[in-house]
Amino acid sequence: MNPQDAAVQLHSEIILHCRIDSLPPAFIMWRLNGLDVVPEVFFVGTTHYGETLHISSAGYSDAGEYVCVGVNTLLGVIRYSTPGELQVVGKPQITRAPQNLTSSIGSTVVFQLCSLSKSRTTFTLAQEFGDREFCTTAEDRNVGVVDESHCFKNSSNVTSFSNGTLVVRNIKETDGGLYTCMANNDYGSDRVFAYLEITVAPIIFKAPKNQTVTAGENINFTCEAQGNPTPHVVWLKNGVRIKTELTALGVLMLEKVTLSDAGVYTCLAESPEGQISSSVSLNVLFAPEIDSHPADEIVLIGSSFSLSCKVTGNPVPSMQWILPNSVILQKMSFFENATVDQTGTLLVTAVTPEYQGHYTCYAWNSLGYSTAIAFITVEGPPYFKVQPASQTVLLGNTANLSCQAGSYPIPTVSWFHGDQVLLPGSQIVISSLGDLTIHEARLEDGGQYTCVAENFYGSLNTSAILSIHVLPVFVVAPSSMAVTFGQTVTLKCEVTGVPTPTQKWIRSGRTLLLGNNMIIRPDNTLVIANITHKDLGQYTCLARNEAGEKSATASIYLPGWPFFVASERNITVNISEPLNISCHAQQSGDGEGVIHAVRWYRGCCNAGNDTLIPCTEGSLNNETDSIHIWSTNHGDLYFQQVLEADEGWYYCAADNEGDAVYSDPVYINVQVSPRITNVTNVTPGNNQTSLQIMCLAVGDPDPLVIWRSPIGQERGDRTDLADGVQSVVKVTNVSDSGQWICKACNILGCAFATITLDVEGSPVIIDVLSESSDGHVTITCQVAGFPSPDIYYYISNEPLTHPWIIHTVSSATEISLTFNISGSLGALPLKALLIAYKPVLKMCGHDTGQTQGISLLDHEVIMSGDGISKIELNLLMPFTMYEIRTQLVNVLGTGPPSKDSLHILTSSDVPSQPQNVRIDTRNRSATIFWSPPEHLNGDSGFIVYLIQLLDGWATLLDQLSVSSAQERNASFHNLSLGNYSVSMMAMNVLVQGVSKAVTIAFVITYEVPDYVPTILLVKVLSNDTVSVTWQVPDNSVVLYPPVEGYIVNISSSGLNTSILLRVSASNISTAKAEGLHQRIEYTVHVAAFNERGIGPYSTSVSFFTQYGNVSASAACVMYNLPLLGMLTALTCGCIGAGGWGFSRL
1 MNPQDAAVQL HSEIILHCRI DSLPPAFIMW RLNGLDVVPE VFFVGTTHYG ETLHISSAGY
61 SDAGEYVCVG VNTLLGVIRY STPGELQVVG KPQITRAPQN LTSSIGSTVV FQLCSLSKSR
121 TTFTLAQEFG DREFCTTAED RNVGVVDESH CFKNSSNVTS FSNGTLVVRN IKETDGGLYT
181 CMANNDYGSD RVFAYLEITV APIIFKAPKN QTVTAGENIN FTCEAQGNPT PHVVWLKNGV
241 RIKTELTALG VLMLEKVTLS DAGVYTCLAE SPEGQISSSV SLNVLFAPEI DSHPADEIVL
301 IGSSFSLSCK VTGNPVPSMQ WILPNSVILQ KMSFFENATV DQTGTLLVTA VTPEYQGHYT
361 CYAWNSLGYS TAIAFITVEG PPYFKVQPAS QTVLLGNTAN LSCQAGSYPI PTVSWFHGDQ
421 VLLPGSQIVI SSLGDLTIHE ARLEDGGQYT CVAENFYGSL NTSAILSIHV LPVFVVAPSS
481 MAVTFGQTVT LKCEVTGVPT PTQKWIRSGR TLLLGNNMII RPDNTLVIAN ITHKDLGQYT
541 CLARNEAGEK SATASIYLPG WPFFVASERN ITVNISEPLN ISCHAQQSGD GEGVIHAVRW
601 YRGCCNAGND TLIPCTEGSL NNETDSIHIW STNHGDLYFQ QVLEADEGWY YCAADNEGDA
661 VYSDPVYINV QVSPRITNVT NVTPGNNQTS LQIMCLAVGD PDPLVIWRSP IGQERGDRTD
721 LADGVQSVVK VTNVSDSGQW ICKACNILGC AFATITLDVE GSPVIIDVLS ESSDGHVTIT
781 CQVAGFPSPD IYYYISNEPL THPWIIHTVS SATEISLTFN ISGSLGALPL KALLIAYKPV
841 LKMCGHDTGQ TQGISLLDHE VIMSGDGISK IELNLLMPFT MYEIRTQLVN VLGTGPPSKD
901 SLHILTSSDV PSQPQNVRID TRNRSATIFW SPPEHLNGDS GFIVYLIQLL DGWATLLDQL
961 SVSSAQERNA SFHNLSLGNY SVSMMAMNVL VQGVSKAVTI AFVITYEVPD YVPTILLVKV
1021 LSNDTVSVTW QVPDNSVVLY PPVEGYIVNI SSSGLNTSIL LRVSASNIST AKAEGLHQRI
1081 EYTVHVAAFN ERGIGPYSTS VSFFTQYGNV SASAACVMYN LPLLGMLTAL TCGCIGAGGW
1141 GFSRL
């Protein structure tokens, strides 16, 4: 019996049968695919000598051709059966999985297919990670259907083979991951896994950055790297590894950074696949530190010394030396014998004593400062710091002669009077500094005094003369005397003094002008013959020497006739100022008395057409009267506000019941600020015509009138005319084109006027200016011409091809720039030119000083073929210095800013409004105060303030102008009650433009009185009645605010009551109060009032009422005016049996 073909499922039981007829019975063996069956695997039945083969759990390895072999051991005969094929079907089984692989990017890997049991099977390889799949199929000979829905597809770098082998070439990082080997058939599937690990060289994906920190701060450097395997991160400083702990992310932390931490830091990421690094710098800022301190030294006069001061710091510190005389020297600067070089070392040559003292090295940057001090001692012979000066002292006074010597060693100082050494005593004092004091100087103390200073190096002396003077003393003084007309009078005056005094006679406050009837004898005796009323008056003998002056006065009088005791001299006054001059006279009669009236006249010498000045005696109405000049019976002449028309001669007359005398005339000179009255109008001409421009100005003192040409030259021929001062300029050249300014100035201010002149003709070069700074030269060609000429520059008759810039100030806010850089193009063509500019100095107002400007690089100039380009800079600030730098641009990028810069000043413009304008109103006057404009936009010398006064209907009433050199206030006086406004503007006379106006409204109204009465007398009339007398204003004084009356307030604290008396007249000075209580202390004070209210009260005065009846000589309380109070007391009868009261303040 031969084995039969069979098909079984995986893991099922199967029995194969084989029978062979043989005698003796044959020994039967089984073979699978030509190989003996291993007994351990198959169970061979022993029945009938192996006729059956038993497989308890069929596997894929059991499938194949089975042959039964019979062996007759006796006969030695072997028989083979026909084969029987066993087929095992079921799900596939993978017997050997592919290995895990490791590879680097760019390499090739091969996945070998695992061993597979025989079956109708599909192989599938899948990659878990990634977005692509690749597929291959391996089958037994009985090919079935292959499902490729989840297989790999071949690509450019992945190839799969039919045997299940997978090849990945030029590996990328994304090819890494888990790969799956899958076997599938109708009965199921099996799978195994293999991992492909991709090794990646380190990369730094978060690199550190450069950092700048201040010493003492904490910083972190972050360096994050990745790769496979994960790289190890280390840090190096200046190429040396840092032994410090890092965070997990490779962050390097530095705490409390010091200067030693500064340097280059390198982040190094390394792995077996390689390494990568990234370097940054740490910049540590710190305040200046002086590493080398200057040392104290002792030097000799005439020698040299140097002081070193080495400074470190970041930012690089600035440093300077402060010398003993407070002079400050920076690097590469000098003062007299002291120089500081580039290293900061101070060198002083030819040392003098003044160089002794402290030398301070001062270094600073934005983080702080540091100082070091050295003291230089200068030794040498003495020198005088203070020398005695010849002087004169009065007999008996103290004389001080200063003599102070300096040097080192400190010199000793001694004094000599003539050849005699001075020793300290009660009269002679020599201070520790060397100063000599002589108390109670005597005549014999006069003479030469010598100060001697000496030390180890030598001695020095200096002398001074002391003169002792004696004030004039009258041996014989003139005496007053009564005279008759026609009499001869002799006034003697004899004086002594050291030196001998000079003498002169003075009458009425002026040097005596001798008349035809007067002589002065050699002994200074004054003889007046044939006396007339003109000779009456006071005569003063004035004796004067270098010690001082003394005077003695005598009166010559005719009983009953007035005479002048004092009169004014000629007076000079500024316009608009108030003025008061006096003319005092007495009535003859024992030399004393009161004049009935003194009148003032305008004119000279009692001429018939002289004008009598009105005497107001207080009757002037402040609201309506326009009188600004008046006189009083007491001889006072008042000018409320001096006008230009008030200039002239004035004199006064004193009379006494028909007897009149006249004073010498006095001249009032009124000074006024300049006013330009005429400027010629000039029409355009040409250089073939000679023109004159004329400026006529008036003022007192006469103004200085000059023309300022367009190029700043002062020109003009002055001529004094009857109607002012004239300045004339001949204009003949093209160079005279432009704006001409006429300036008229005196001590009160300046006035300006401008004209513009255009002279047609060929261009004229006025001047060529050059300036060298920091290695570059600026050449400015000043030209004139109309129309405006173009400017070209040449070197040795060749057009200038080196870089140059021409600028034109187009206006106050615009600059035109023309660039030529054709000589510096280099090998590569230029594309553009960048212009950077900023304001560095405001030339006027309170803006002077450095201005922090931001460089503007938004102006790009496209270069023309010849290298010449133009640009307009606008929206600039007027009268401001601008710094301009350039940057060149080519195909490689933008170059650095130019080292050198161009400085251009924009022209003047209209100023901004005046600031802080305010108005104070008082006494019908308005005073305007202001501050300068925020932007003067020009030279302050050309700024004038215009102040206009307008009424409530905006009608112009008056106008004032104030120059910037004057005080910033102006006043309008004698205003009527009502509404007003002030309009104020700032004007630049150079550009003839005014600012916007600042307008402020105000009102002139009554104000409460500011006059404070003074209580003169309190008189107790009875036990319940008292009278109060106070001082009222002089009738000659016009008060504003006006006084309409007085309030008298009498009160008692004990009774808690008060009495108010109202006196409705400004010239009444007494009030009587009744109904008081007996024997009570009262307090009284007085105040002035008007319709606006009550003014301030006077100082209070206390008094007691009497008990019972009061005698006829009533009690009085006087208040602090002895003479007037005495007269008042006599008048009211307070001196007598009633006695005096008392006053309590």
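One point on numbering: in full-length UniProt numbering, the residue at position 565 of the sequence shown is 565, and numbering is uninterrupted.
Quick reminder that beta carbons are idealized off the backbone N, C-alpha and C, glycines included.
Quick caveat, the model's predicted, so the values are computed rather than measured.
- Contact between ARG1062 and ILE1047 holds: CB atoms are separated by about 6 Å, below the 8 Å threshold.
- Looking at the DSSP output, MET1 sits in no beta bridge, so it has no partner there.
- Put simply, of GLY712, GLY699 and LEU612 the residue whose alpha carbon is nearest the alpha carbon of ALA751 is GLY699.
- Counting C-beta pairs closer than 8 Å gives three or more between the segment 250-260 and the segment 215-224, which meets the contact rule.
- Residue range 6-9 is occupied by the beta strand (DSSP E) that includes GLN9.
- Secondary structure at TYR650: strand, using DSSP grouped into helix, strand and coil.
- Using a Cβ distance threshold of 9 Å, ILE105 and ILE171 count as a contacting pair.
- Shown here for PRO763: same chain residues with a beta carbon closer than 8 Å to its own, the five before and five after excluded, namely VAL734, VAL783, ALA784, GLY785 and PRO789 in chain order.
- In the three-state DSSP reduction, ASP435 falls in the coil class, being neither helix nor strand.
- In this structure the segment 456-476 touches the segment 494-508; the number of beta carbon pairs closer than 8 Å is three or more.
- Residue pairing of GLN671 in beta bridges, as defined by DSSP: ASN574.
- Residue pairing of TRP1030 in beta bridges, as defined by DSSP: ILE1015.
- Only exposed fits TYR80, as fewer than 16 other CB atoms lie within 10 angstroms of its CB.
- Here the segment 998-1009 makes contact with the segment 1088-1098; the two share three or more CB pairs at distances below 8 Å.
- With contact defined as three or more Cβ pairs closer than 8 Å, the segment 1079-1087 and the segment 1015-1032 are in contact.
- Excluding the 5 residues flanking it on each side, TYR601 has same chain C-beta neighbours closer than 8 Å at ASP610, THR611, LEU612, ILE613, TYR650, TYR651, CYS652 and ALA653, in chain order.
- Where ALA1073 is concerned, the enclosing beta strand (DSSP E) starts and stops at 1070-1073.
- GLU197 is bridged by DSSP to THR102.
- Beta-bridge annotation (DSSP): MET253 is paired with ASN220.
- Per DSSP, HIS54 is one residue of the beta strand (DSSP E) stretching across 52-55.
- Per the DSSP secondary-structure output, MET332 pairs with nothing in a beta bridge.
- According to DSSP, residue pairing for LYS550 in a beta bridge involves ALA543.
- Look at TYR369 here: in three-state DSSP terms it is strand.
- Residue pairing by DSSP leaves PRO914 without any beta bridge partner.
- Two segments are said to touch when three or more pairs of C-beta atoms, one from each, lie closer than 8 Å; by this definition the segment 985-996 does not touch the segment 950-959.
- As a beta-bridge residue in DSSP terms, PHE929 pairs with ARG918 and ASN969.
- Between the C-alpha atoms of ASN669 and LEU579 there is a straight-line separation of about 12 Å.
- If you draw a straight line from the Cα of ILE438 to the Cα of SER370, it is about 50 Å long.
- Secondary structure at SER390: coil, using DSSP grouped into helix, strand and coil.
- Take GLY716, set aside five residues on each side of it, and the residues of its chain with a beta-carbon closer than 6 Å to its own are ILE706, TRP707, SER727 and VAL729, in chain order.
- In the DSSP annotation of this structure, the continuous segment of the beta strand (DSSP E) that includes TYR882 starts and ends at 880-890.
- The shortest CA-to-CA distance from LEU691 to any of ALA970, ASP758, ASP175 and TYR837 is the one to ASP758.
- Among the bridge pairs identified by DSSP, CYS451 is matched with TRP415 and THR462.
- Burial is judged here by how many other beta carbons sit within 10 angstroms of a residue's own beta carbon; GLY978 has fewer than 16 and is exposed.
- The beta carbon of THR345 is closer than 8 Å to those of SER306, LEU307, SER308 and CYS309 in its chain, skipping five residues each way along the sequence.
- About 5 Å separates the beta carbons of VAL71 and PHE27, which is inside the 8 Å limit, making them a contact pair.
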